[in-house]
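Participant: Letter by letter, the sequence shown follows residues 1 to 298 of the UniProt record's numbering.
Don't be surprised by glycine CBs; every beta carbon is placed ideally from N, CA and C.
Before I ask anything, let me first share the structure, which is written out below as structure tokens.
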Amino acid sequence: MKIKTLRILFITIFFLPNLLLAQKTDFKSQLESITKQVDGITGVAIEDLQRNETTILNPDHKFPMLSSFKFPIAMAVLDQIDKGKLSLTQKYHLTKEDVQLKTYSPLRDKYPDGNVDLTIADLLTSMVSLSDNIACDILFKLAGGTKPVQDYVHSLGVKDIAIVANEEQMGQDWNVQYTNWCKPGAMLQLLEIFYKGKNLSKPSHEFLSKIMIDGPTGLNRIKGQLPKDAVVAHKTGTSGTNDKGVTAAVNDVGIVKMPDGRSFAIVLFVSNSTADLKAIELVMAQVSKAAFDHYAAK
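If you want it as structure tokens, here you go:
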């Protein structure tokens, strides 16, 4: 009996690591196969938040974040709220000048003449849930500019990310959007930090989680093929398309809570693709579903 037990133990110790490595290799190969359906360069970073198992494609590429940078902006603003520098109930008077910026803004559509008082909670909700660019630049202003936001993210140990231009600046020149870049692993690291809930107070963490879950944007990306009872807290980012048919970025980053209570973080960056948006989003949805199925089977 002892010999049999030792034999089983030996086999387990010897073969289990190889089996796990093979599973991880197969999963990575599956993701690579999916992403080859569109041109450009695709960055993927996925982490099982219970086992800290990570899979990353194109880890060293600097991807333009576009509006996915509104996730770290929100974290930085909420950090200032936790420190008493700002408050969720603090009022900001939206002026006619604020709404002159020609950019995507449901706020401007709702208040074309400005002249309304909005709380920082209102601005954060508009920026994260609705991806409002005017709200984003107002929050940059309230936070002290792009540098304090970048410094905050770097202070968390997340170094492979640059936040140097606001929405107005990105709208002035095609190349500026590439200066707000992030490597897939860095965004994954930021999502993990947020998930653990140690960098923000519980009320701030719950507030940001809610507005990331409630957002109506990007329904065909991370969420596209997931079960309806999966809960997704995420932030999208989408660029325009230039006269050569190149889309600088189609992004979605977030945390998926599976029906069994386990969670995984996922980063999807597609850059410099000539594929249409529907095709890119289909690839993103397939990657997310592959991750869901991979972890659900464990």
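Compute the distance between the beta-carbons of Ile211 and Thr125, then report whether it is under 7 angstroms.
Facilitator: The sequence position of residue 211 within the sequence shown is 211, counting from 1. The sequence position of residue 125 within the sequence shown is 125, counting from 1. Closer than 7 angstroms, so yes.
Participant: Could you spell out where the beta strand (DSSP E) holding Gly218 opens and where it closes?
Facilitator: Counting from 1 along the sequence shown, the entry for residue 218 is found at position 218. Premise fails: Gly218 is in no beta strand (DSSP E) and is neither H nor E.
Participant: Taking only the alpha-carbon atoms, compute the straight-line gap between Leu57 and Ala275 and give it to the nearest angstrom.
Facilitator: In the sequence shown, counting from the first residue as 1, residue 57 sits at position 57. In the sequence shown, counting from the first residue as 1, residue 275 sits at position 275. One C-alpha to the other measures close to 19 angstroms.
Participant: Return the bridge partner residues of Ile138 from the DSSP annotation.
Facilitator: Walking along the sequence shown from the start, residue 138 turns up at place 138. The partner list for Ile138 (beta bridge, DSSP) is empty, contrary to what the question assumes.
Participant: Locate the beta strand (DSSP E) running through Ala249, then write down its first and last residues.
Facilitator: Residue mapping note: residue 249 aligns to position 249 of the sequence shown, counting from 1. Unbroken beta strand (DSSP E) run through Ala249: 247-257.
Participant: Within 10 Å of its beta-carbon, does Gln37 have 16 or more other beta-carbons around it, so buried, or fewer, so exposed?
Facilitator: On the sequence shown, residue 37 is found 37 positions in, with the first residue counted as 1. Exposed, since its Cβ has fewer than 16 Cβ neighbours within 10 Å.
Participant: Within 10 Å of its beta-carbon, does Lys110 have 16 or more other beta-carbons around it, so buried, or fewer, so exposed?
Facilitator: What you label residue 110 is simply residue 110 of the sequence shown in a count that begins at 1. With fewer than 16 other Cβ atoms within 10 Å, it is exposed.
Participant: Please determine, among Gln90, Asp137, Glu192, Pro106, the residue with the shortest C-alpha to C-alpha distance to Leu118.
Facilitator: As a position in the sequence shown, residue 118 is number 118, starting the count at 1. With distances taken between Cα atoms, Leu118 lies closest to Gln90.
Participant: Is Leu19 helix, strand or coil when you go by DSSP?
Facilitator: Here residue 19 refers to the residue found at position 19 of the sequence shown. At Leu19, the pLDDT of 48 sits below 50, so the modelled position is not reliable and the matter cannot be decided from this model.
Participant: Please state the DSSP three-state secondary structure of residue 344.
Facilitator: Given that the chain is displayed from residue 1 to residue 298, the structure contains no residue 344 and the question cannot be resolved.
Participant: With a 10 Å radius around its C-beta and 16 neighbouring C-beta atoms as the bar for buried, classify Lys202 as buried or exposed.
Facilitator: Position 202 of the sequence shown holds residue 202. Burial call: exposed.
Participant: Between the Cα of Ser67 and those of Leu86, Ser129, Asp82, spot the shortest distance and give me the residue it belongs to.
Facilitator: Your numbering for residue 67 matches position 67 in the sequence shown. The shortest C-alpha separation from Ser67 is found at Ser129.
Participant: Nearest to Asn175 by alpha carbon, out of Thr241, Gly224, Lys196?
Facilitator: In the sequence shown, residue 175 corresponds to position 175, counting from 1. For Asn175, the nearest C-alpha among the options comes from Thr241.
Participant: Could you tell me whether the region 144-152 touches the region 227-247, using the rule of 3 or more Cβ pairs below 8 angstroms?
Facilitator: With a cut-off of 8 angstroms, the region 227-247 and the region 144-152 do not count as touching, because too few Cβ pairs lie within range.
Participant: Determine the burial state of Ala297: buried for a count of at least 16 other Cβ atoms within 10 Å of its Cβ, exposed for fewer.
Facilitator: Within the sequence shown, residue 297 is the residue found at index 297, counting from 1. It is exposed - the Cβ of Ala297 has fewer than 16 other Cβ atoms within 10 Å.
Participant: Taking Cβ to Cβ, would you say Thr236 is nearer than 7 angstroms to Gly218?
Facilitator: One-based indexing of the sequence shown puts residue 236 at position 236. One-based indexing of the sequence shown puts residue 218 at position 218. A contact, by the Cβ cut-off of 7 angstroms.
Participant: Using only the alpha-carbon positions, how far apart do Leu123 and Asp26 sit?
Facilitator: Within the sequence shown, the letter at position 123 stands for residue 123. Within the sequence shown, the letter at position 26 stands for residue 26. Each residue's Cα considered, the two are about 43 angstroms apart.
Participant: Assuming contact is defined by CB atoms lying nearer than 7 angstroms, are Asn133 and Ser105 in contact in what I supplied?
Facilitator: The sequence position of residue 133 within the sequence shown is 133, counting from 1. The sequence position of residue 105 within the sequence shown is 105, counting from 1. Yes.
Participant: Determine the burial state of residue 305: buried for a count of at least 16 other Cβ atoms within 10 Å of its Cβ, exposed for fewer.
Facilitator: The first residue shown for the chain is 1 and the last is 298, placing residue 305 beyond what the model contains.
Participant: Looking at Ala265 and Glu47, is the spacing between their C-beta atoms short of 7 angstroms?
Facilitator: Here residue 47 refers to the residue found at position 47 when the sequence shown is read from its first residue. Here residue 265 refers to the residue found at position 265 when the sequence shown is read from its first residue. Closer than 7 angstroms, so yes.
Participant: Reducing DSSP to helix, strand and coil, say where Leu86 ends up.
Facilitator: Residue numbering aside, residue 86 sits at position 86 when the sequence shown is read from its first letter. In this structure, Leu86 counts as coil in the three-state DSSP scheme.
Participant: Using C-beta distances below 7 angstroms, list every residue in its chain close to Glu167, excluding the 5 sequence neighbours before and after it, in chain order.
Facilitator: Translated into the one-based positions of the sequence shown, residue 167 becomes position 167. Hits under 7 angstroms: Thr103, Asn133, Cys136, Asp137.
Participant: Do you know how far the Cα of Gln286 is from the Cα of Leu16?
Facilitator: Translated into the one-based positions of the sequence shown, residue 16 becomes position 16. Translated into the one-based positions of the sequence shown, residue 286 becomes position 286. Only weak support is given to the placement of Leu16: the predicted model assigns it a pLDDT of 48, under 50, and the value that follows is read from those uncertain coordinates. Distance between the alpha carbons of Leu16 and Gln286: 28 angstroms.
Participant: Find the nearest neighbour of Val44 within the set Pro259, Asp252, Asn272, Tyr295, judged by alpha-carbon distance.
Facilitator: Taking the sequence shown and counting its residues from 1, one reaches residue 44 at position 44. Among Pro259, Asp252, Asn272, Tyr295, the Cα nearest to that of Val44 is on Asp252.
Participant: Pick helix, strand or coil for Tyr92, following the three-state DSSP scheme.
Facilitator: As a first step, residue 92 is located in the sequence shown; it is residue number 92 there, counting from the start. Strand at Tyr92.
Participant: Using DSSP with H/G/I as helix, E/B as strand and the rest coil, what is Thr274?
Facilitator: Along the sequence shown, one-based indexing puts residue 274 at 274. It is coil, neither helix nor strand.
Participant: What did DSSP end up calling residue 372 once you bin it into helix, strand or coil?
Facilitator: Missing from the structure shown is residue 372; the chain here goes from 1 to 298 and no further.
Participant: To the nearest angstrom, report how far apart Gln100 and His93 are at their CA atoms.
Facilitator: Looking up residue 100 in the sequence shown gives position 100. Looking up residue 93 in the sequence shown gives position 93. Approximately 14 angstroms between the Cα atoms of the pair.
Participant: Identify whether Leu268 lies in helix, strand or coil by the three-state DSSP scheme.
Facilitator: As a working mapping, residue 268 is identified with position 268 in the sequence shown. Of the three classes helix, strand and coil, the one that applies to Leu268 here is strand, per DSSP.
Participant: Tell me which residues share the same chain as Val82 and place their Cβ nearer than 8 angstroms to its Cβ, disregarding the 5 neighbours each side in the sequence.
Facilitator: Counting from 1 along the sequence shown, the entry for residue 82 is found at position 82. Here residue 82 turns out to be Asp, not Val, going by the sequence shown. If we look at Asp82 and ignore the five residues flanking it on each side, its Cβ neighbours are Leu200, Ser201, Ser204.
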